[in-house]
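J.: For the sequence shown, the numbering used here assigns the number 258 to the last residue and increments by one with no breaks.
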Amino acid sequence: MAAMAKQVKAPAKTQATAPESGPGQKVVIRYTDGRVQRAFLSKGDEASLIDSRTDTLVVKDSNGKPVKVEASEIKAVFFVKSFEGNPDYSEFKVFSSRPGGKGIWVRVHFKDGEVIEGVAPNNFDTFSKSVFYMTPPDPGSNNHAVIVSKLYLTEMLVLGLAAD
């Protein structure tokens, strides 16, 4: 049985926008088979995956070598502040009340039992594409944005609108 997700008080505003990914944006890729890859994403590369123009995401490994990542093999791509994170920090994965800002408040259930909430764009692409991005609830977390693969979800719930 999956552990209960912790709750966090909703920040004043949460904007569902694509992450800024300048040269060297740090990402942690979690694969469906449990592998974890730390990599760098070049500016605009995530747009090709999100817009379904391609089924691959090209990242650079720690040596700067390009690596192709197949969308069908990922659970999620986490845009992180640092690769190390803070192992002592207990991340809040769900909102305790309706978040402010713009977008839709969603809860996703992954096949491995993980449950997280976030604010996703309130548009057709969030529902029609195989991946979508969302802003997680905890501003103190190491994760500041997530690209979620719907292929690895058991459920996606719309909990409401994030609204001011």
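In this text, a Cβ means the ideal position worked out from N, Cα and C, and glycines have one as well.
1. How about residue 121 and residue 171: are their beta carbons less than 7 Å apart?
2. Look at the alpha carbon of residue 194 and the alpha carbon of residue 202, and state the distance between them as a whole number of angstroms.
3. Could you please give the first and the last residue of the uninterrupted beta strand (DSSP E) stretch that includes residue 150?
4. When you compare the CB positions of residue 226 and residue 214, do they come within less than 7 Å of one another, or not?
5. Figure out for me which residue from 220, 161, 180 and 233 has the closest Cα to the Cα of residue 241.
6. Shortest alpha-carbon distance to residue 228 belongs to which of 234, 216 and 186?
7. To the nearest angstrom, report how far apart residue 232 and residue 159 are at their CA atoms.
8. Does the pairing of the segment 245-255 with the segment 171-182 give three or more beta-carbon distances under 8 Å?
9. Which residues does DSSP pair with residue 214 in a beta bridge?
10. Let me know the secondary structure DSSP gives residue 165 once reduced to three states.
11. Starting from residue 248, trace the beta strand (DSSP E) both ways and give me its first and last residue.
12. Could you check how far apart the C-beta atoms of residue 134 and residue 154 are, in whole angstroms? I think they sit under 8 Å.
13. Can you name the start and end residues of the beta strand (DSSP E) that residue 186 belongs to?
T.: Quick answer:
1. yes
2. Rounded to whole angstroms, the gap between the alpha carbons of residue 194 and residue 202 is 19 Å.
3. Taken as a continuous stretch (DSSP letters only), the beta strand (DSSP E) holding residue 150 covers 150-154.
4. yes
5. 220
6. Taking only the C-alpha atoms, the option nearest residue 228 is 216.
7. Take the alpha-carbon of residue 232 and the one of residue 159: they are about 32 Å apart.
8. The answer is no - the segment 171-182 does not touch the segment 245-255, with fewer than three Cβ pairs under 8 Å.
9. Residue 214 is bridged to 198.
10. helix
11. 247-256
12. 5 Å
13. Looking at the DSSP string, residue 186 is not in any beta strand (DSSP E), and its letter there is neither H nor E.
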